[in-house]
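**Student:** So that we are looking at the same thing, I have put the structure below in structure tokens.
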Amino acid sequence: MAIDINNESGTDVDEEALLDVARFALDRMRIHPLSELSVIVVDEEAMAALHVQWMDEPGPTDVMSFPMDELRPGKEDEEPPQGLLGDIVLCPEVAAKQGAANGHSMDAELQLLTVHGVLHVLGYDHEDPEEEREMFGLQKRILDDWRAARGETGPSPAPTTR
1 MAIDINNESG
11 TDVDEEALLD
21 VARFALDRMR
31 IHPLSELSVI
41 VVDEEAMAAL
51 HVQWMDEPGP
61 TDVMSFPMDE
71 LRPGKEDEEP
81 PQGLLGDIVL
91 CPEVAAKQGA
101 ANGHSMDAEL
111 QLLTVHGVLH
121 VLGYDHEDPE
131 EEREMFGLQK
141 RILDDWRAAR
151 GETGPSPAPT
161 TR
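The sequence shown lines up with residues 1 to 162 when you count with full-length UniProt numbering.
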């Protein structure tokens, strides 16, 4: 899996954990191992500009996803297609505020947001209650399994992205 992490934010983040959780999520979703994903970490000003440009909403947000080849999760009995997954853009300053408000670290929030972004580039959404239950449930299972594989205990952070 080719995953590029580009930290343009000026904030120290655990890039290795972001890479690891993204790879874990993509493996869990049966994405072809030669597919490509880009994770970009930006400051609040850059995120606010993207948020206005692409969503027509003011201010920074926590995560934005830009799918490319519209790859979908693979099925057990078929070879998944290879392609460009797209870009996930994270804002550590927003993640730090959300994490603090919910009793966990900025890095834990960024890990959650990375999985959230992966699911978005794979076509998941949370526009209606049923979609939200499906996406957030899958997000929680992936995070819990990833944390367990790393030997971490305790519950994963609750979803804060809406």
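We treat Cβ as the ideally placed atom computed from N, Cα and C, and that holds for glycine.
#1: Looking only at C-alpha atoms, which of LYS140, PRO129, LEU85 sits nearest to ALA108?
#2: So does HIS126 have its beta carbon nearer than 8 angstroms to some heavy atom of the ligand SAM?
#3: Start and end of the beta strand (DSSP E) containing GLU37?
#4: Helix, strand or coil for LEU71? Go by DSSP, reduced to three states.
#5: Output yes or no for whether 9 angstroms exceeds the beta carbon distance between VAL63 and ILE31.
#6: How close, in whole Å, do the beta carbons of GLU70 and GLY123 come, if the pair is a contact with beta carbons under 8 angstroms?
#7: Taking just the CA atoms, how far does LEU143 sit from VAL115?
#8: Hey, quick one: how far does the beta strand (DSSP E) through VAL13 stretch, first residue to last?
#9: Using only the alpha-carbon positions, how far apart do ALA101 and MET135 sit?
#10: Ignore the nearest five residues each way along the sequence and tell me which others in GLU131's own chain have a CB closer than 7 angstroms to its CB.
#11: So which of GLN111, GLU76, LEU90, LEU138 has the shortest CA-CA distance to ASN7?
#12: I'd like to confirm the pairing. Which residues does DSSP put opposite MET64 in its beta bridges?
#13: Look at VAL118 and LEU84 and say whether their C-beta atoms are less than 9 angstroms apart.
#14: Distance, Cα to Cα, MET55 vs ALA49?
#15: Does DSSP put ASP27 in a helix, a strand or coil?
#16: Within the continuous alpha helix (DSSP H) that includes residue 163, where are the two ends?
**Tutor:** Let me spell this out:
#1: LYS140
#2: Of ligands this structure carries none, so the ligand SAM is not represented either.
#3: Strictly speaking, residue 37 in this sequence is Leu, with Glu absent from that position. Where LEU37 is concerned, the enclosing beta strand (DSSP E) stretches over 36-41.
#4: coil
#5: no
#6: 7 angstroms
#7: 7 angstroms
#8: Segment: none, VAL13 is in no beta strand (DSSP E) and carries neither H nor E.
#9: 22 angstroms
#10: ASP125
#11: LEU90
#12: VAL89
#13: no
#14: 10 angstroms
#15: helix
#16: The question about residue 163 has no answer here: the residues shown for the chain are numbered 1 through 162.
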